[in-house]
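Comments concern the structure below.
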Amino acid sequence: MIDSPRDLFLKCREYRDSYDARAQGFYPYFRSIEGTRGNHVICGGEEKIMIGSNNYLGLAHDPRVVEAACQATREYGSGCTGSRLLNGSLRIHEELEEALAAFLDREAVLLFSTGFFANQGALSALTEEGDVILCDRENHASIIDGCAFAPAKLIPFRHNAPESLENRLKRVDPAAGRLLAVDGVFSMSGDLVNLPPMVEIAKKHHCRVYVDEAHSLGVLGPNGRGSVHHFGLNKEVDVVMGTFSKSLGSMGGFIAGDGEMIEYLRHRARCLIFTASLAPAVTGGVLKALQIMQEEPERLDALWRNTRKMHEGFLSMGFKIGTTKSPIVPILIGSERGSFQFAQRLFEEGVFATPAIYPAVKYGEAIVRTSYMATHSEEDLNRVLEVFGKLAKELGTFDDPAYANPGRRKNVFDFRLSEQGREAAVRNNPGTNP
Ligand SMILES: Cc1ncc(COP(=O)(O)O)c(C=O)c1O
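Residues 16 to 449 (the numbering used here) are what the sequence shown spells out, left to right.
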């Protein structure tokens with residue numbers, strides 16, 4: 016007698032988290048944006064100050080970038096309808112690869128359709144069975160998931176801790192190929208990677224070095240060349256990965272390195288070979304954004320002026336912003352529920368920012384993630400600080416034990432409702448539960 020098989024969709028029927036947040040009136044995700052000028056967006060017909068975007072240099076809405084995207088579409092059409100390998104390789108893809116290689120002082124560059132794919136494609140193609148990838152515990156999900164696709168074993172080490180990296184490396188099989196993979200700027204904490212000692216340790220242990228510059232390109236280093244250039248370690252780092260979805264205002268990603276490695280990836284990275292290449296609009300827009308980024312260094316200056324203002328502003332009001340060294344400013348709230356409520360009230364007061372909860376951050380260390388742009392005005396930023404100050408008082412953020420003692424929470428979202436609580440919440444907010 017065979018039991019009936021497990022219904023794969025049972026988990027969907029039992030899933031409650033987003034319904035519970037909606038029923039309590041503070042669901043913060045998938046907010047519909049009806050219009051945008053970058054630093055301001057329109058939602059539900061109302062203007063909000065956007066402090067939840069990675070458009071660091073404000074290039075996504077620059078008319079020259081938009082025009083370049085339109086021009087590329089007129090020239091090449093709306094899509095490539097095929098992969099680079101077979102039928103989707105355009106001359107502007109090559110131009111962008113050449114421009115990036117020159118900008119980063121690398122032999123060669125390979126474009127991918129997303130930054131996520133760049134990590135997945137490179138990590139899985141560059142490693143073999145028996146190899147290891149040493150990962151900072153705060154690395155982005157695309158590196159972690161990239162490692163899951165890779166034949167190599169993932170070995171995590173303590174966030175930004177060179178001694179932890181070295182302890183792990185000492186225990187690796189002497190014959191194993193080794194790759195150290197780190198973010199240049201960590202996407203939730205805004206921390207800057209502690210790269211110099213890590214590179215030194217990696218070299219000592221014959222370990223290749225891979226840096227994800229998603230949040231550091233356009234933000235750090237001369238003309239925004241990234242964290243590797245910021246530290247003067249371009250010759251020591253083997254692989255640089257970057258995205259177009261942040262400072263360059265679009266989508267897509269790339270891997271930069273020596274010619275042999277890139278030639279190998281061109282023929283071995285499955286998520287390059289088996290997916291359509293970057294759309295002409297994206298490629299043309301990114302090429303123009305890269306040019307403007309180099310010609311207008313005042314954007315980088317404005318980004319850092321705004322970043323310093325916000326670091327100082329939040330600290331002077333008593334907020335905990337962790338150890339950020341970048342335009343990503345995580346505002347610690349502590350409880351998941353508190354972070355959702357805070358983000359909801361921000362939205363009602365005209366400020367768009369989203370909370371980040373486990374697994375994006377540690378349990379009980381929920382934040383409202385904020386990030387700043389070169390194009391935010393003094394008035395925008397003063398208003399943001401004013402609203403945060405007002406809401407911290409209104410919601411009692413600083414008096415919450417979850418704020419004073421972050422991390423001491425149980426392994427469940429604290430906005431999850433009990434059965435009775437759910438019924439009552441749905442009565443108050445009809446239509447929010449299935
Ligand atoms: C550090 C890091 N790497 C990679 C990615 C993936 O990039 P993309 O959004 O371009 O796919 C992100 C995206 O948020 C990121 O923060």
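No residue lacks a Cβ here, since even glycine has one placed at the ideal position from N, Cα and C. Since this is a predicted model, take the numbers as computed values, not measurements.
In whole angstroms, give me the CA-to-CA distance for residue i and residue j.
i: V399; j: L235; result: 24 Å
i: C286; j: L280; result: 10 Å
i: D316; j: Q306; result: 17 Å
i: P78; j: S157; result: 31 Å
i: S128; j: S265; result: 11 Å
i: S242; j: Q39; result: 41 Å
i: H76; j: D18; result: 57 Å
i: L74; j: Q359; result: 27 Å
i: G233; j: P20; result: 51 Å
i: N154; j: H221; result: 21 Å
i: S33; j: L23; result: 19 Å
i: P374; j: E351; result: 11 Å
i: S386; j: A190; result: 43 Å
i: H244; j: A371; result: 29 Å
i: R31; j: V56; result: 30 Å
i: V2; j: F259; result: This structure leaves residue 2 out entirely; the chain is present only between 16 and 449.
i: R442; j: D415; result: 28 Å
i: R52; j: Q86; result: 21 Å
i: R283; j: G267; result: 19 Å
i: E438; j: C27; result: 19 Å
i: G161; j: G257; result: 14 Å
Residue i and residue j: beta carbons closer than 9 Å?
i: A294; j: G94; result: yes
i: S335; j: I343; result: Rather than Ser, the amino acid found at residue 335 in this sequence is Lys. The answer is no: Cβ separation not under 9 Å.
i: Q135; j: N238; result: no
i: R324; j: G205; result: Just to set this straight, residue 324 is Lys in the shown sequence, not Arg. No, the pair does not count as a contact, with Cβ atoms beyond the cut-off.
i: R152; j: R173; result: yes
i: A159; j: L194; result: Contrary to the premise, residue 159 reads as Ile rather than Ala in this sequence. Going by C-beta atoms, I159 is not nearer than 9 Å to L194.
i: G272; j: S231; result: no
i: A114; j: A123; result: no
i: L210; j: V226; result: yes
i: F355; j: F413; result: no
i: E144; j: P177; result: no
i: R121; j: V255; result: yes
i: T390; j: N54; result: yes
i: C58; j: S68; result: no
i: D188; j: P166; result: no
i: A133; j: A296; result: no
i: A304; j: S262; result: yes
i: I288; j: R89; result: no
i: R314; j: F118; result: no
i: V301; j: L361; result: no
i: A417; j: G353; result: yes
i: G247; j: R223; result: no
i: L111; j: M276; result: no
Return the bridge partner residues of residue i from the DSSP annotation.
i: S386; result: I343
i: M256; result: D227 and I270
i: R240; result: Note: R240 sits in no beta bridge, so no partner.
i: I372; result: Paired residue(s): none; I372 is not in a bridge.
i: A381; result: G349
i: R193; result: V147
i: K168; result: V147
i: F367; result: M65
i: L207; result: V200
Nearest CA to the CA of residue i: which residue from the options?
i: G92; options: L105, E438 and F45; result: L105
i: L125; options: A407, F413 and F269; result: F269
i: N182; options: F289, C150 and L119; result: C150
i: N444; options: K405, S179 and Y42; result: Y42
i: F329; options: C58, A167, L406 and R360; result: L406
i: S202; options: E90, E144, A229 and S262; result: A229
i: M332; options: N397, I170 and G97; result: N397
i: R384; options: S19, I66 and D22; result: I66
i: A137; options: A196, Q356 and H391; result: A196
i: T290; options: V301, S260, G103 and V56; result: G103
i: E364; options: L100, G53, N54 and E62; result: E62
i: S292; options: A417, L263 and L101; result: L101
i: G404; options: S350, T390, A389 and V366; result: V366
i: M388; options: R223, I372 and T322; result: T322
i: Y378; options: K218, E109 and G349; result: G349
i: F164; options: R352, S139 and R99; result: S139
i: L432; options: D35, E29, E401 and E278; result: D35
i: T369; options: T51, G50 and I64; result: I64
i: S179; options: G192, F357 and M213; result: M213
Verify the contact flag: residue i, CB atom, against every heavy atom of ligand 3, threshold strictly below 8 Å.
i: N70; result: In terms of ligand content, the structure shown lacks ligand 3 and carries ligand 1 instead.
Within the 9 Å Cβ cut-off, does residue i reach chain C?
i: D415; result: The structure shown contains no chain C, having only a single protein chain.
Complete runs of the beta strand (DSSP E) confined to the segment 23 to 109 [at least 3 residues]: 55 to 58 and 61 to 65
Contiguous beta strand (DSSP E) assignments of at least 3 residues, all confined to the segment 122 to 160: 123 to 127 and 147 to 151
Complete runs of the beta strand (DSSP E) confined to the segment 281 to 341 [at least 3 residues]: none
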